[in-house]
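Visitor:
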């Protein structure tokens, strides 16, 4: 700490070291080593507790079990994941409502987003694709099997003409789906579209 930081010579109370950081208490303020101009802004009780731990050579880390308890259990988190997988386009608020109706406690939409994010699930815009009925899929598969042995000269006699205009069901918003990064090609990641906006 340079002499320009204070008008008087600072009184160094004690130096605390651990594996993560080195703290210096000067005139009732806690400073971090190599960042002496940045006060950490803690209370006097915090300084007193750190001094007591340093005096008795106790670790600065919090004891196990300290801090706010997690609201949901592992089993309840798995239930939330199963809810999301039933309808991946449900909003976090809707998922929270469904979850709360099945449990004796309440979680917020923010908690839902945090649990899903920690499990690796993020929101992505769904991919558009032309709408196909099962009969369309069967006809396409049948055509592909019939033409599997065609050569270049056979395909030269075929004319593909499709100048259809596709719209997004006249919807302005973009639907989202929750998925893992590795699930980009799963069926639930696509939104069927029809010609002329439906």
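Numbering (my numbering), first residue to last: 60 to 257.
We put the beta carbon where it would ideally sit given N, CA and C, even for glycine.
Bear in mind the structure is a predicted one, so any value in this text is a computation, not a measurement.
Distance check for residue 238 and residue 244, CA to CA, integer angstroms please.
Guide: Cα to Cα, residue 244 sits roughly 10 Å from residue 238.
Visitor: Should residue 183 and residue 251 be called a contact, given that it needs their Cβ atoms to be closer than 8 Å?
Guide: Cβ distance not < 8 Å, so residue 183 and residue 251 don't count as in contact.
Visitor: From which residue to which residue does the alpha helix (DSSP H) around residue 171 run?
Guide: Note, residue 171: alpha helix (DSSP H), 168 to 177.
Visitor: Leaving out the 5 sequence neighbours to the left and right, which residues in its chain are closer than 7 Å to residue 159 when beta-carbon positions are compared?
Guide: Excluding residues within five positions, the ones whose Cβ falls inside 7 Å are 165 and 166.
Visitor: Using alpha carbons as the reference points, say which of 202, 233, 212 and 169 lies closest to residue 17.
Guide: The question about residue 17 has no answer, for the chain in this structure spans 60 to 257.
Visitor: So, using beta-carbon positions, are residue 152 and residue 168 closer together than 8 Å?
Guide: Yes, they are a contact pair.
Visitor: Across which residues does DSSP place residue 182 in a beta bridge pair?
Guide: Partner(s): 237.
Visitor: So if DSSP puts residue 249 in a beta bridge, which residue, or which two residues, is it bridged to?
Guide: Beta-bridge pairing links residue 249 to 186.
Visitor: Take the Cβ of residue 139 as the centre, count every other Cβ of all protein chains shown within 10 Å, and call the residue buried at 16 or more, exposed below.
Guide: Buried: at least 16 other Cβ atoms inside 10 Å.
Visitor: Using the beta-carbon count (16 or more within 10 Å), is residue 175 buried or exposed?
Guide: Per the 10 Å Cβ criterion, buried.
Visitor: Suppose the cutoff is 7 Å on Cβ atoms and the five residues either side in sequence are ignored; what does the same chain contact list for residue 247 look like?
Guide: Contacts found: 147 and 236.
Visitor: For the alpha helix (DSSP H) holding residue 133, just list the boundary residues, first then last.
Guide: Note, residue 133: alpha helix (DSSP H), 133 to 145.
Visitor: Using the rule of at least 16 other Cβ atoms within 10 Å of the residue's Cβ for burial, across every protein chain shown, is residue 122 buried or exposed?
Guide: Residue 122 comes out exposed.
Visitor: I need the boundaries of the alpha helix (DSSP H) containing residue 58, first residue and last residue.
Guide: Because the chain in this structure spans residues 60 to 257, residue 58 falls outside the shown range and cannot be described.
Visitor: So, with DSSP's three-state summary, where would you put residue 210?
Guide: Note: residue 210 maps to coil in three-state DSSP.
Visitor: If you drop the 5 nearest sequence neighbours on each side, which residues of the same chain put their C-beta closer than 7 Å to that of residue 178?
Guide: Contacts found: 140.
Visitor: Looking at residue 154: is its Cβ nearer than 8 Å to the Cβ of residue 142?
Guide: For residue 154 and residue 142, yes; Cβs fall inside 8 Å.
Visitor: Taking only three categories from DSSP, how would you classify residue 128?
Guide: Residue 128: coil per DSSP, three-state reduction.
Visitor: Helix, strand or coil: which one does DSSP assign to residue 216?
Guide: Coil.
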